[in-house]
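Student: One structure is given below, represented as C-alpha cells, and several questions about it will come after.
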Amino acid sequence: QIALLLIIVAEQHDPFAANTRQSLAGWLSPKPQIVTSSYSTEMASRVRSKGKDWRPDAIVAMTFVTAPYALLLPDVPRILDVDNHMARMLYEKYTRATGIPSRARRWLAWKKFQHYEDDLIRRFSSVCVVSDQDFRVVRSILATHANTLAIVPNGVDIAANPVGLASPKPNT
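Counting from 3, one number per residue, gives the positions in the sequence shown under the numbering used here.
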C-alpha cells in the first residue's frame with residue numbers, strides 16, 4: 003500500500019495556499035519563504051492523526067512543499083519526487099541577475115533553497131529526479147548517504163519522440 007500524502011489529508015485544505023503572516027516570517031526564516039508561507043498546522047495535525055492508525059508501505063511526497071508533512075510519519079519509508087531541483091534553477095537565475103539588489107536577493111533565495119533541499123533530500127529513503135542534470139546534482143548531495151536515487155522521466159521518450167516530430171496546435 004503506497005499513498006500520495008496529499009490524497010489522505012488535503013480534502014479541505016489547499017497545501018499551496020500561502021498565509022500572509024507566515025509569508026512575512028519566511029523572509030527571516032532559514033527555510034525558503036514558499037515553504038514557511040504554505041505550511042499548514044492543520045494539515046500537519048491531520049497527517050499525525052492519520053499516521054496513528056495507518057501504516058502504508060511508503061509515502062510519496064510530490065513536491066518540496068508537501069515533503070515536510072511526509073517527515074511527520076515515523077517508521078515509514080519516504081520517497082521524494084524532485085520534479086525540478088529548485089536550488090539548481092535558482093542558481094541559474096542568480097547567475098543571470100543584473101544589479102546588486104537583484105543579485106543579492108537571488109543569491110539569498112538560492113542559498114536558502116540549497117540548504118533546505120540538501121537537508122530534505124537526505125531525510126528521504128529514496129529520491130526520484132527527471133533529468134540527468136538533476137541526477138548528478140542530487141547524487142553529489144547523497145554522496146555519503148545510502149538513499150536510493152533514480153531517474154524517472156516525465157513520460158516523454160525523447161528518442162522515440164524527438165522534438166519537432168509534430169507541430170503544436172494552439173489552444174488544445
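Just so you know, even glycine gets a beta-carbon here, dropped at the ideal spot from N, CA and C. None of these values were measured; they are calculated from a predicted model.
1) For Ile-153, list the residues DSSP reports as bridge partners.
2) Using the DSSP secondary-structure output, state which residues sit across from Ile-81 in a beta bridge.
3) Just to confirm the assignment, what range does the alpha helix (DSSP H) spanning Tyr-71 have?
4) Rounded to whole angstroms, what's the CA-CA distance from Pro-32 to Pro-164? Just pull it up for me.
5) For the alpha helix (DSSP H) that Val-165 lies in, which residues bound it at each end?
6) Could you check what DSSP says for Gly-53 in three-state terms: helix, strand or coil?
Tutor: The short version:
1) Val-131
2) Val-62, Ser-128
3) 69-72
4) 42 angstroms
5) First-last for Val-165: undefined, no H or E at that position.
6) helix
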